[in-house]
Structures are given as C-alpha cells and as structure tokens.
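Residue numbers (this note's numbering): 16 to 316. One structure is given here, and the rest of the page talks about it.
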C-alpha cells in the first residue's frame, strides 16, 4: 500500500505541474523516479494516464477523471495523518503557500525567518501566482491576496502591513528633461512604463486626493509582465526611460537613495493590506494552523 500511495501521489504531482521536470523540481525528487512511478501505475491500471510529447505532458481523459477523484481523497489522507501532529512536541510537516510576486517580495521576507526559528520542523513551499487560483486545486494549503480578489467562501486573516500605497516615480534626469507633472492627467503626455498581469490585463494607474479619484491609461515605450521582470521596469525608470507606478514599499529604497524622485506624491492612493486566505470547509493542517497562530501574535506579521 505504501508504494501504491506513493505512485498515486506521483501521478497527482505530475498532473498538477503538467510535466515531470516541473513536478520533480517542486517536490525535490528526480524526474526519473516520478516517471517510473507513473509508468508503474499505468501498468497496474492498464490505461494510459498521460499524453506525452517532447513539449508537454497532459492527462488523458482517464487521467483527468482519476485526478478529480484522487485529489480530495489524498487531501483526506493528509488530514488524517496530520492529526498525529497534535501528539508531537513540535509541529512538523509542509506548508504550501500560493502568493503573488508582490507578497513574496514585500510580505514574506519579514515573516518567514522568525517563523522558521519558531517552527524549525515545518518546511514552507512558496508558489508565485498573480492570478487568483483555487489553492486546493493548486496543491496549496493557503494563499495571499488582497480583499478585492478573495472568494466569499474563504477565511481571510490579515497578514503584513495593513495600509499600503501605490507610488509614482521617475528619475531626476527624466523629470529635468521632460518636466514634473503637476496633475495626474499631465502623465498622458509623458513616457510611462506599464505593467501587465499574467492574464494579459493592464491595470490602470489610479490617483486620489481630497475625495477626487482619477484613473488613467497612459502609454510609453516599455511594458513588463509580472514576476521578477518587474525589477527590469525599476531599472528602466532609474535609467530615465519614463515614469513608473508600483508599490511604495517596493520603490522605497530607490526613493530614499535619490535614484528615483516621487511624482505627484500627494495623489498616491492607499489601499488595505493583504490577507492570508484558506478554505473554511476543510480541517486546517497543523503547519497552517501554526502559521495562522504565528501571524496573529507576531507584531512583524
């Protein structure tokens, strides 16, 4: 039974990751061991579970049906085994978090080192994802999102700073050459560096002051996607390519150093901080319960 359960877990991991290499990287195992486990399972069941090409690994219809039935069953197995954690001196296990790049950059670095010191036997796995996903379907225990992107059936717990701002900035050299905007609408005549979500949507730039709210769709020479590539946009702004808007906390080091100059600071909009969210319809795993207790009591979190 142990080997059969391992083969089933290997199948689920490959199906979720849509690839053997991706699943191996996420699970810190070898791709060959996953391939052998899936091949063994297919032999036992007598059906092909994946259509494999050199570029993709996609579940067959049989694989999709097996995955749909297996995922809730394996979650129940995990929950049953997790009960044993209550009898340990220290909580152990794996906590899988699905977070946007901004949270991985601005929220978790101030929390995870202290959490690891308090719970050294808990391994935290972080998945970067800017679009809203079903955390259970993604194989995660919880996620981090802002309140405008939370589903109603989720339990949400505040995490990180409770108020944040979007900052607009440009290099002093750019502003010396092009002029300093005095009103948000002046930006329509400037070169602006834009960001794009993974979905393809390009968020509008927002400004607010004295009850007046303005949303703009400026243009410019550079558009960047989510993730680490956002640093490319910051470097471009520092180099004088144009005006850029991002989380103030992300831009703060460059503002403090003088590499970037605030633009229209009195118009910077503020918004509520992020939340850790998780489904309320399932038993909370011990690692997640420990993390929830930690962020509720730790002032840094």
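For glycine and all other residues, C-beta sits at the position ideal for the given N, C-alpha and C.
Could you tell me which whole alpha helix (DSSP H) segments of length 4 or greater appear in the segment 114 to 151? Whole alpha helix (DSSP H) segments, 4+ residues: 116 to 121, 127 to 133.
With 16 as the cutoff for other CB atoms within 10 Å, does residue 303 come out buried or exposed? Counted from its first residue, the chain shown places residue 303 at position 288. So residue 303 ends up on the buried side.
Give a yes or no on whether the C-beta atoms belonging to residue 171 and residue 306 are separated by under 8 Å. Taking the chain shown and counting its residues from 1, one reaches residue 171 at position 156. Taking the chain shown and counting its residues from 1, one reaches residue 306 at position 291. Not in contact: residue 171 and residue 306 (Cβ atoms no closer than 8 Å).
Using only CA atoms, which one of 251, 256, 258, 283 lies nearest to residue 1? The first residue shown for the chain is 16 and the last is 316, placing residue 1 beyond what the model contains.
Is it a yes or a no for the segment 232 to 244 touching the segment 204 to 220, going by three-plus beta-carbon pairs under 8 Å? The answer is yes - the segment 204 to 220 touches the segment 232 to 244, with three or more Cβ pairs under 8 Å.
Taking residue 313 as the reference, which of 40, 132, 68 has the closest Cα? Position 298 of the chain shown, counting from 1, holds the residue named residue 313. Selection 40, 132, 68 evaluated against residue 313 yields 132 as nearest (Cα-Cα).
Helix, strand or coil: which one does DSSP assign to residue 283? Translated into positions along the chain shown, residue 283 becomes position 268. In the three-state DSSP reduction, residue 283 falls in the coil class, being neither helix nor strand.
Burial state of residue 212 (16 or more Cβ within 10 Å): Counting from one through the chain shown, the residue named residue 212 turns up at place 197. So residue 212 counts as exposed.
Tell me, which residues are paired with residue 184 by DSSP? As a first step, residue 184 must be located in the chain shown, where it is residue number 169. According to DSSP, residue 184 bridges with 259, 277.
Do the segment 175 to 193 and the segment 264 to 283 meet, that is, are 3 or more Cβ pairs less than 8 Å apart? The segment 175 to 193 vs the segment 264 to 283: in contact.
Residue 257: buried (16+ other C-beta within 10 angstroms of its C-beta) or exposed? If you number the chain shown from 1, residue 257 lands on position 242. Its Cβ being crowded by 16 or more others within 10 Å, residue 257 is buried.
Residue 192 versus 143, 255, 145, 136, residue with shortest Cα-Cα distance: For the purposes of this step, residue 192 is taken as the residue at position 177 of the chain shown. The residue with the shortest Cα to Cα distance from residue 192 is 255.
Name the DSSP bridge partner or partners of residue 294? Position 279 of the chain shown, counted from the first residue, corresponds to residue 294. According to DSSP, which records beta bridges pairwise, residue 294 is partnered with 169.
Looking at the structure shown, is residue 254 part of a helix, part of a strand, or coil, going by DSSP? For the purposes of this step, residue 254 is identified with residue 239 of the chain shown, where counting begins at 1. Residue 254 falls in the coil class under three-state DSSP.
Among the residues of its own chain, which have a CB less than 6 Å from the CB of residue 229, if the five just before and after it don't count? To locate residue 229, count along the chain shown from 1; it is residue 214. Residues 199, 222 of the same chain have their beta carbon placed closer than 6 Å to that of residue 229, with the five preceding and five following residues left out of the count.
Under the rule that 16 or more other beta-carbon atoms within 10 Å means buried, what is residue 196, buried or exposed? Mapped onto the chain shown, residue 196 falls at position 181. Here residue 196 is buried. Its C-beta has 16 or more other C-beta atoms within 10 Å.
Beta carbon of residue 84 nearer than 8 Å to that of residue 155: Taking the chain shown and counting its residues from 1, the one referred to as residue 84 is at position 69. Taking the chain shown and counting its residues from 1, the one referred to as residue 155 is at position 140. Result no, Cβ atoms of residue 84 and residue 155 do not sit closer than 8 Å.
Which whole-angstrom value describes the C-beta separation of residue 109 and residue 140, a residue pair presumed to lie in contact below a C-beta threshold of 8 Å? Here residue 109 refers to the residue found at position 94 when the chain shown is read from its first residue. Here residue 140 refers to the residue found at position 125 when the chain shown is read from its first residue. Right, the Cβ-Cβ distance comes to about 6 Å (below 8 Å), so this counts as a contact.
Could you pull the start and end residues of the beta strand (DSSP E) that residue 74 belongs to? One-based indexing of the chain shown puts residue 74 at position 59. Residue 74: member of the beta strand (DSSP E) spanning 72 to 74, first to last residue.
Using CA atoms only, rank isn't needed, just tell me which of 64, 169, 37, 44 is closest to residue 26. Against the chain shown, residue 26 aligns to sequence position 11. Of all alpha-carbon atoms in 64, 169, 37, 44, the one lying nearest the alpha-carbon of residue 26 is that of 64.
Taking its Cβ as the centre, do 16 or more other Cβ atoms sit within 10 Å of residue 113, making it buried, or is it exposed? Walking along the chain shown from the start, residue 113 turns up at place 98. Counting Cβ neighbours within 10 Å, residue 113 comes out buried, since at least 16 surround it.
Local Cβ density within 10 Å of residue 260, reported as buried at 16 or more and exposed below that: The residue you call residue 260 lines up with position 245 of the chain shown. Residue 260 counts as buried, since no fewer than 16 other beta carbons sit within 10 angstroms of its beta carbon.
Three-state class that DSSP yields for residue 51 in the structure shown: By 1-based counting over the chain shown, the position of residue 51 is 36. In this structure, residue 51 counts as helix in the three-state DSSP scheme.
Contacting residues, own chain, Cβ-Cβ under 8 Å from residue 36 (five flanking each side not counted): What you label residue 36 is simply residue 21 of the chain shown in a count that begins at 1. Excluding residues up to 5 positions away in sequence, 46 lie with their Cβ nearer than 8 Å to the Cβ of residue 36 in the same chain.
State the Cα-Cα distance for the pair residue 134 and residue 125, rounded to the nearest angstrom. By 1-based counting over the chain shown, the position of residue 134 is 119. By 1-based counting over the chain shown, the position of residue 125 is 110. Roughly 15 Å between the two C-alpha positions.
Taking the beta carbon of residue 144 as the centre, do at least 16 other beta carbons fall within 10 Å, making it buried, or is it exposed? Mapped onto the chain shown, residue 144 falls at position 129. So residue 144 ends up on the buried side.
Separation of residue 130 from residue 182, as counted between CA atoms: If you number the chain shown from 1, residue 182 lands on position 167. If you number the chain shown from 1, residue 130 lands on position 115. Taking the straight line joining both Cα atoms gives about 30 Å.
Please state the DSSP three-state secondary structure of residue 157. Position 142 of the chain shown, counting from 1, holds the residue named residue 157. In the three-state DSSP reduction, residue 157 falls in the strand class (E or B).
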